[in-house]
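Protein sequences, first through last, are from chains G and Y.
Counting from 1, position 178 in the first sequence corresponds to residue 177 in numbering that gives the first Met the number 0; the numbering is continuous, with no gaps.
Counting from 1, position 123 in the second sequence corresponds to residue 122 in numbering that gives the first Met the number 0; the numbering is continuous, with no gaps.
Backbone N, C-alpha and C define an ideal beta-carbon position, used for all residues, glycine too.
For reference, the structure discussed in these notes is given below.
2 protein chains.
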Amino acid sequence: MSDTVQDPKKPSRKERELQFRVGLVLDAAEEVFAETTFARASVEDIAEKAEISVGTLYNLFRSKEDLYRSVVSRAQEGFFDRVQERLSEARGPLEKVHAVVSYHFEHFHRYARQFRLYVSATNGFQWELRSMLDSEAMARQMQFRTRLIDICQDGMDQGIFKRGVPADLLAINVASLPHPFLLVWLERDTIDLMTLLPHAVTMVDRLLGVD
Amino acid sequence: MSDTVQDPKKPSRKERELQFRVGLVLDAAEEVFAETTFARASVEDIAEKAEISVGTLYNLFRSKEDLYRSVVSRAQEGFFDRVQERLSEARGPLEKVHAVVSYHFEHFHRYARQFRLYVSATNGFQWELRSMLDSEAMARQMQFRTRLIDICQDGMDQGIFKRGVPADLLAINVASLPHPFLLVWLERDTIDLMTLLPHAVTMVDRLLGVD
DNA sequence: ATACGCGATGAAGGCACGTTCACTTTCTTG
DNA sequence: CAAGAAAGTGAACGTGCCTTCATCGCGTAT
């Protein structure tokens, strides 16, 4: 019998060809999903960009959601693989942390498009158009940011905050410092948010360089 | 002629009643939008929760998008108003920064539901279900986090990183430190991402407490 | 050369949902 | 109290889009 039992490590030519084709489709899907949200991206657009028909797309993936998951997963895998690489090259904790931070910058410098997917993978967010925001809301947002920049500038001028970083970057970092804490809180709904506050204060103080 | 010219400062009873009703509808809409994304939230659900018909909803708001904008705008306004309050009470830059951070915690402790809207307003993100993520992707995410926690713990044990904060919180802060920089970069597409890296490194060093 | 099988195709099905509008109910006013 | 205005209603409409499936084209084996 022509029992085509293959070496399980080495998939057949057919199999490899399939994986290659799937990869091309994922490329196209990544491009489309990166441009908008999951809901707004259309299967037809993806099929067209991949130069296959919608039917074929559904032969390769069970559903739009399945396709999206695969795209995000692949992008995330690529990202983390490279981070791990850097981590294993780096010696000592400080160097390792620097490697992680640096690689974030390098990665999105190269694959700028993937940023939306990255956010989706790490936080469960999806992008929406900024234009969804009221112009009033935009204005308030800007006003608040300016206010915070001024405060940081004052602190530095008065020698209370450590110098060495532009005031606007410092301000933006301060403003987004609560976010990771809030995300942690949402993740484990057992903990009380307020118990995290002291730690957050410690972290801002470090950012500002106050003892 | 019964020219009902009103004192422009004091709207008519009708007008005030309308505003009150609009407020109730916004409450309902906030609840629904906070539960899912803009795309997934349905106008019918909102109308039902507000105990009005879909038609009435469309008498009050031009479109679903208009409604969403109003909800976000109102939530954001409430948030910023209170922050400004705290800011004006606080004396000196450090106290002001502390006030801002503290209020983030207080606010979402009280209005936990608004978190999604807050993110939407500040970053232009929308939430998606976590379940959209591959289980593999989840695992990778977790693995990376654990790796980073270990590194932070090592650093603290070796006396390289400053103590005083749980290793997991430190790790999460390190991991999300690049985010504000990336958002700044996306906002002003004129700048080169890599020019921001040195500042990011400075900020991590401060977070870690290395000189 | 012919028959067979497997993947590709895209038009049609079906559904979900935003929006409208003719009709009804409620309120106002003379 | 009646007539007219204003506001409320929800069924119907239109649109967009995911998914399916009968059909087709092409390579392979006999």
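Can you find a C-beta in chain G that's less than 9 angstroms from the C-beta of Asn58 of chain Y?
-> no
Within the segment 73-128 of chain Y, note down every full beta strand (DSSP E) run reaching 3 residues or more, in order along the chain.
-> 124-126
List the residues of chain G that Lys48 of chain Y touches, going by C-beta distances under 7 angstroms, in chain order.
-> Within chain G, no residue comes near Lys48 of chain Y; the closest Cβ sits about 21 angstroms away, beyond 7 angstroms.
Quick one: using the 10 Å Cβ neighbour count with 16 as the cut-off for buried, is Met141 of chain G buried or exposed?
-> exposed
Residue ranges of each alpha helix (DSSP H) within the segment 28-56 of chain Y, 4 or longer = 42-49
Would you mind working out which of G:Thr35, G:Ser52 and G:Phe37 sits nearest Glu43 of chain G, comparing C-alpha positions?
-> G:Ser52
Kindly indicate which three-state DSSP category Phe160 of chain G falls into: helix, strand or coil?
-> coil
Give a yes or no on whether the minimum CB-CB distance between Val100 of chain G and chain Y is below 9 angstroms.
-> yes
Measure the beta-carbon distance from Phe104 of chain Y to Leu196 of chain G and round it to whole angstroms, keeping in mind my assumption that it falls under 8 angstroms.
-> 5 angstroms
Less than 9 angstroms separating the beta-carbons of Arg112 of chain Y and Glu47 of chain Y?
-> no
Hey, how far is the Cα of Asp204 of chain G from the Cα of Ala170 of chain Y?
-> 17 angstroms
Quick one, which residues of the segment 57-76 of chain Y are near chain G if we go by CB-CB under 8 angstroms, in chain order?
-> Glu64, Tyr67, Arg68, Ser69, Val71, Ser72, Gln75 and Glu76
Determine, using beta carbons only, whether Glu29 of chain G comes closer than 9 angstroms to chain Y.
-> no
Taking 9 angstroms as the CB-CB cut-off, is Ile45 of chain Y touching chain G?
-> no
Around the C-beta of Met202 of chain Y, are 16 or more other C-beta atoms found within 10 angstroms, so that it is buried, or is it exposed?
-> buried
Out of Y:Asp133, Y:Thr36 and Y:Val100, point me to the one whose CA is closest to Val71 of chain Y's CA.
-> Y:Thr36
For Val99 of chain G, which residues from the same chain have a beta carbon less than 8 angstroms from its beta carbon, with the 5 sequence-adjacent residues on both sides left out?
-> Val82, Arg85 and Leu86
Cβ-Cβ separation, Ser69 of chain G to Phe60 of chain G (assumed contact under 8 angstroms), whole Å = 7 angstroms
Distance, Trp184 of chain Y Cα to Phe143 of chain G Cα | 19 angstroms
Using a Cβ cut-off of 9 angstroms (strictly closer), state whether Ala120 of chain G contacts chain Y.
-> yes
Of all the options G:Ser175, G:Ala33, G:Ile190 and G:Gln75, which has the alpha carbon lying nearest to the alpha carbon of Glu135 of chain Y?
-> G:Gln75
Going by the CB atoms, is the gap between Pro92 of chain Y and Ile159 of chain G shorter than 9 angstroms?
-> yes
For Thr121 of chain Y, does the count of other Cβ atoms within 10 angstroms reach 16, so buried, or fall short, so exposed?
-> buried
DSSP three-state call for Thr189 of chain Y: helix, strand or coil?
-> coil
Contacts that Asp210 of chain G makes with chain Y (C-beta to C-beta distance below 9 angstroms) | Within 9 angstroms Cβ-Cβ: nothing; Asp210 of chain G doesn't reach chain Y, min ~10 angstroms.
Where Phe19 of chain Y falls, given that 16 or more other Cβ within 10 Å makes a residue buried = exposed
Limits of the alpha helix (DSSP H) - the one that Pro165 of chain G falls within | Here Pro165 of chain G belongs to no alpha helix (DSSP H), and DSSP marks it neither H nor E.
Per-residue burial, Gly154 of chain G [other beta carbons within 10 Å of its own, 16 or more giving buried] | buried
Would Thr36 of chain Y count as contacting chain G if we go by Cβ distances under 9 angstroms?
-> yes
Is it true that the CB of His198 of chain Y sits closer than 9 angstroms to the CB of Leu168 of chain G?
-> yes
Measure from the alpha carbon of Ala49 of chain G to the alpha carbon of each residue in G:Tyr57, G:Val24, G:Gln152 and G:Leu66, then state which is nearest.
-> G:Val24
When DSSP labels each residue in this structure, what does Thr194 of chain G get in the three-state scheme?
-> helix
Look up Gly211 of chain Y in the DSSP assignment and say whether it is helix, strand or coil.
-> What the structure shows of chain Y is the stretch from 0 to 210, and residue 211 of chain Y is not part of that stretch, so it cannot be assessed.
Just how far apart, CA to CA, sit Asp149 of chain Y and Glu88 of chain G?
-> 16 angstroms
Members of the segment 150-166 of chain Y that neighbour chain G once the beta carbon cut-off is set at 8 angstroms = Ile150, Cys151, Asp153, Gly154, Gln157, Ile159, Phe160, Lys161, Gly163, Val164 and Pro165
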